[in-house]
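**Student:** Protein chains in written order, with this note's numbering: chain A, 1 to 185; chain B, 1001 to 1185. Ideal Cβ placement from N, Cα and C applies to all residues, glycine included.
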DNA sequence: CGGCTAGATGCGTGTCACGCACATAGTGCG
DNA sequence: CGCACTATGTGCGTGACACGCATCTAGCCG
């Protein structure tokens, strides 16, 4: 336990929380107790509470981490690429590589008690994304346009996810993402 | 008490919760107890719980109601108006008429524990907005493009709010809203 | 006028977040 | 080489809360 650094412990708890929630399916929040999450992650209940102050936060932590990487992904695109292509590529490699887990995504996006935390996770991705957009388009950081574009992109990803979940015969998520992004770029 | 209908009671509780939270300023969630909200609204603590299952939800209820009216506002625009003009007008009259209360908005958008619920409130506005957009542009409801555009508009409103709060000398909120919407329409 | 329903309220219970104190591993300094 | 010091995990106790259940009251309809 002590050998794992803080980030690793946080990840372990988050993954355990999400896994248990998905196993229990709908209504998981009523069944999965803090003690369950803690023991599944190999920590004491009190320790879980040092990292997260609610089960919702823990369950959404892994997706929050994924969303936070979007800005970095955009920065990593080659400079010669057009802005639109770079954003699409960054989004696809961040959210559709590998293909997301339908059960986990459904749990997070369709459970009312988790929606707030999930939206918060998506929204936290906007700030680094806006900075990356500002850098790439050569405007000053904190520009209103960049933040609006970042919010639009994040919103498109979210809507694409909802659409993808509603579809019974699943096309590749990347296809839905590209279609959604086409409307805002 | 019994004379007020359910909606009125809900509104009374929501307003009381927001008012108390704003009065206490930052850290209000630690100070404002359920009993305080209930007594301020003139109901029993158990009754508050029949309407809301968390203080966050109660505090954000008034803004949720405001956001939910956006779709209706768009439908109410004259048919001859261009799509862009109609959206801008609907947004401005929904969110900037009258000029919002800075303290209340700051409380909701800047308190971490409230952000999730606030984002949920904004997101709930997207569905009726998407339907109104579909109706006005003549495409089938549930179209991906409409939902993405609705999300982009809601995101622009949210970013505009954040920007408006960060500005020390406040321009009219409608001005910021128009600037933000220009980037996504 | 009597039963009926919706809504408000009280009470009890299980869960939770968090402050506080302690134990212990890893670390730098003399 | 040993010693304090710090960071982190953990146990315990407390206050608050969400919610199920039972009750009561007001208003309504026949």
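(1) Short of 7 Å in beta carbon distance, which residues of its chain neighbour residue 106 of chain A, apart from the five on each side in sequence? Order them along the chain.
(2) Which complete alpha helix (DSSP H) runs does the segment 1011-1082 of chain B hold, if anything under 4 residues is left out?
(3) Decide if residue 1007 of chain B is buried, meaning its Cβ has at least 16 other Cβ atoms within 10 Å, or exposed.
(4) Assuming residue 177 of chain A and residue 157 of chain A are in contact, meaning their beta carbons sit under 8 Å apart, how far apart are those beta carbons, in whole angstroms?
(5) Put residue 143 of chain A into one of helix, strand or coil per three-state DSSP.
(6) Nearest by alpha-carbon distance to residue 11 of chain A: which of A:180, A:57 and A:139 is it?
(7) Nearest to residue 179 of chain A by CA position, among A:168, A:153 and A:72, is which residue?
(8) Taking residue 1092 of chain B and residue 1174 of chain B to be in contact with their CB atoms under 8 Å, please state how far apart those CB atoms are, rounded to whole angstroms.
(9) With DSSP collapsed to three states, give me the class of residue 1085 of chain B.
(10) Can you name, in chain order, every residue of its own chain whose Cβ lies under 6 Å from the Cβ of residue 16 of chain A, other than the five neighbours on each side?
(11) Could you name the residues of chain A that residue 1184 of chain B contacts, counting a contact when the two beta carbons are closer than 8 Å?
(12) Would you kindly report the start and end of the unbroken alpha helix (DSSP H) that includes residue 1128 of chain B?
(13) Taking Cβ positions only, does residue 186 of chain A come closer than 7 Å to chain B?
(14) On the DSSP letters alone, give me the boundaries of the alpha helix (DSSP H) that residue 176 of chain A sits inside.
(15) Among the candidates B:1172, B:1054 and B:1026, whose CA atom is the shortest distance from the CA of residue 1034 of chain B?
(16) Kindly give me the distance between the Cβ atoms of residue 94 of chain A and residue 70 of chain A, rounded to whole angstroms, as I take these residues to be in contact under 8 Å.
(17) Are the beta-carbon atoms belonging to residue 151 of chain A and residue 1155 of chain B less than 7 Å from one another?
(18) With 7 Å as the limit, tell me which residues of the segment 1113-1133 of chain B have their beta carbon closer than that to any beta carbon of chain A; keep them in chain order.
(19) Determine the DSSP secondary structure at residue 1094 of chain B, reduced to helix, strand or coil.
(20) Where do the ends of the alpha helix (DSSP H) carrying residue 947 of chain B lie?
(21) Taking beta-carbon pairs under 9 Å, can you tell me which members of the segment 1062-1079 of chain B lie near chain A?
(22) Any idea what DSSP makes of residue 1099 of chain B, helix, strand or coil?
(23) Mind checking whether the beta-carbon of residue 1163 of chain B lies closer than 6 Å to any heavy atom of the ligand ZN?
(24) Taking C-beta pairs closer than 7 Å, name the residues in chain B that residue 18 of chain A reaches, listed in chain order.
(25) Put residue 123 of chain A into one of helix, strand or coil per three-state DSSP.
(26) Apart from the five residues just before and just after residue 1027 of chain B, which ones in its own chain have a Cβ nearer than 7 Å to its Cβ?
(27) Can residue 1096 of chain B and residue 1108 of chain B be called in contact, C-beta distance under 7 Å?
(28) What residues from chain A crowd round residue 1179 of chain B, counting only those whose CB sits closer than 8 Å?
(29) For residue 66 of chain A, which of A:131, A:143, A:136 and A:126 has the nearest alpha-carbon?
(30) Using 7 Å as the limit for Cβ to Cβ distance, is residue 156 of chain A near chain B?
(31) Going by DSSP in three states, residue 112 of chain A sits in which element: helix, strand or coil?
(32) Only counting the same chain, and skipping five residues up and downstream in sequence, which positions put a Cβ closer than 6 Å to that of residue 52 of chain A?
(33) Considering only residues of the same chain and omitting the five flanking positions on each side of residue 1048 of chain B, which have a CB-CB separation below 8 Å?
(34) How long is the line joining the alpha carbons of residue 1031 of chain B and residue 1110 of chain B, rounded to whole angstroms?
**Tutor:** Taking the definition as stated:
(1) Taking the first chain and counting its residues from 1, one reaches residue 106 of chain A at position 106. Non-local beta-carbon contacts of residue 106 of chain A in its own chain, meaning distances under 7 Å to residues more than five positions away in sequence, involve 165 in chain order.
(2) If we require 4 residues or more, the alpha helix (DSSP H) runs fully inside the segment 1011-1082 of chain B come out as 1028-1031, 1034-1041, 1045-1051, 1055-1068 and 1070-1075.
(3) Along the second chain, read from residue 1 onward, the residue named residue 1007 of chain B stands at position 7. Around the beta carbon of residue 1007 of chain B, a 10 Å sphere encloses fewer than 16 other beta carbons of the protein chains shown; the residue is thus reported as exposed.
(4) Residue 177 of chain A sits at position 177 when you count from the first residue of the first chain. Residue 157 of chain A sits at position 157 when you count from the first residue of the first chain. Rounded, the Cβ-Cβ distance is 7 Å, consistent with contact.
(5) Reading the first chain from its first residue, position 143 is the one you call residue 143 of chain A. Three-state DSSP puts residue 143 of chain A in coil, outside helix and strand.
(6) Within the first chain, residue 11 of chain A is the residue found at index 11, counting from 1. For residue 11 of chain A, the closest of A:180, A:57 and A:139 by C-alpha to C-alpha distance is A:57.
(7) Within the first chain, numbered from 1, the residue matching residue 179 of chain A stands at position 179. For the residues A:168, A:153 and A:72, the minimum Cα distance to residue 179 of chain A belongs to A:153.
(8) As a first step, residue 1092 of chain B must be located in the second chain, where it is residue number 92. As a first step, residue 1174 of chain B must be located in the second chain, where it is residue number 174. Taking the Cβ atoms as the reference, residue 1092 of chain B lies roughly 5 Å from residue 1174 of chain B, within the contact range of under 8 Å.
(9) In the second chain, residue 1085 of chain B corresponds to position 85, counting from 1. In this structure, residue 1085 of chain B counts as helix in the three-state DSSP scheme.
(10) The sequence position of residue 16 of chain A within the first chain is 16, counting from 1. Hits under 6 Å: 37, 40 and 41.
(11) Against the second chain, residue 1184 of chain B aligns to sequence position 184. Identification of chain A residues near residue 1184 of chain B by a Cβ-Cβ cut-off of 8 Å yields 148, 149, 152 and 184, ordered along the chain.
(12) Reading the second chain from its first residue, position 128 is the one you call residue 1128 of chain B. Residue range 1126-1137 is occupied by the alpha helix (DSSP H) that includes residue 1128 of chain B.
(13) Given that chain A is displayed from residue 1 to residue 185, the structure contains no residue 186 of chain A and the question cannot be resolved.
(14) Taking the first residue of the first chain as position 1, residue 176 of chain A is located at position 176. Note, residue 176 of chain A: alpha helix (DSSP H), 173-182.
(15) Residue 1034 of chain B sits at position 34 when you count from the first residue of the second chain. When C-alpha distances from residue 1034 of chain B are compared across B:1172, B:1054 and B:1026, the shortest belongs to B:1054.
(16) As a position in the first chain, residue 94 of chain A is number 94, starting the count at 1. As a position in the first chain, residue 70 of chain A is number 70, starting the count at 1. With 8 Å as the limit, residue 94 of chain A and residue 70 of chain A qualify as a contact, their Cβ atoms being about 5 Å apart.
(17) Numbered from its first residue, the first chain carries residue 151 of chain A at position 151. Numbered from its first residue, the second chain carries residue 1155 of chain B at position 155. Yes. Within cutoff.
(18) Using a CB distance below 7 Å, the part of the segment 1113-1133 of chain B facing chain A consists of 1115, 1116, 1117, 1119, 1120 and 1123, ordered along the chain.
(19) For the purposes of this step, residue 1094 of chain B is taken as residue 94 along the second chain, with counting starting at 1. Helix.
(20) As displayed, chain B neither begins before 1001 nor continues past 1185, which places residue 947 of chain B out of reach and without an answer.
(21) Listed by position along the chain: nothing, the set is empty.
(22) If you number the second chain from 1, residue 1099 of chain B lands on position 99. Assignment of residue 1099 of chain B by DSSP, reduced to helix, strand and coil, places it in the coil class.
(23) The ligand ZN is not part of this structure, which contains no ligands at all.
(24) Within the first chain, the letter at position 18 stands for residue 18 of chain A. Close partners of residue 18 of chain A in chain B (Cβ separation under 7 Å) are lacking, with about 17 Å as the shortest Cβ gap.
(25) Taking the first chain and counting its residues from 1, the one referred to as residue 123 of chain A is at position 123. The three-state reading of DSSP puts residue 123 of chain A in helix, counting H, G and I together.
(26) As a working note, residue 1027 of chain B is residue 27 in the second chain. Result list for residue 1027 of chain B: empty, nothing under 7 Å.
(27) For the purposes of this step, residue 1096 of chain B is taken as the residue at position 96 of the second chain. For the purposes of this step, residue 1108 of chain B is taken as the residue at position 108 of the second chain. No, the Cβ-Cβ distance between residue 1096 of chain B and residue 1108 of chain B is not below 7 Å.
(28) Residue 1179 of chain B sits at position 179 when you count from the first residue of the second chain. Neighbours of residue 1179 of chain B on chain A, chain order: 144.
(29) Taking the first residue of the first chain as 1, we reach residue 66 of chain A at position 66. Out of A:131, A:143, A:136 and A:126, A:126 has the C-alpha closest to the C-alpha of residue 66 of chain A.
(30) Taking the first chain and counting its residues from 1, one reaches residue 156 of chain A at position 156. Closer than 7 Å: yes.
(31) As a working note, residue 112 of chain A is residue 112 in the first chain. DSSP places residue 112 of chain A in helix when its eight states are reduced to three.
(32) On the first chain, residue 52 of chain A is found 52 positions in, with the first residue counted as 1. Excluding residues within five positions, the ones whose Cβ falls inside 6 Å are 58.
(33) Within the second chain, residue 1048 of chain B is the residue found at index 48, counting from 1. Excluding its 5 nearest sequence neighbours in each direction, residue 1048 of chain B has C-beta neighbours in its own chain below 8 Å: 1013, 1034, 1037, 1038, 1041 and 1058, listed in chain order.
(34) Numbered from its first residue, the second chain carries residue 1031 of chain B at position 31. Numbered from its first residue, the second chain carries residue 1110 of chain B at position 110. Between residue 1031 of chain B and residue 1110 of chain B, the C-alpha separation is close to 17 Å.
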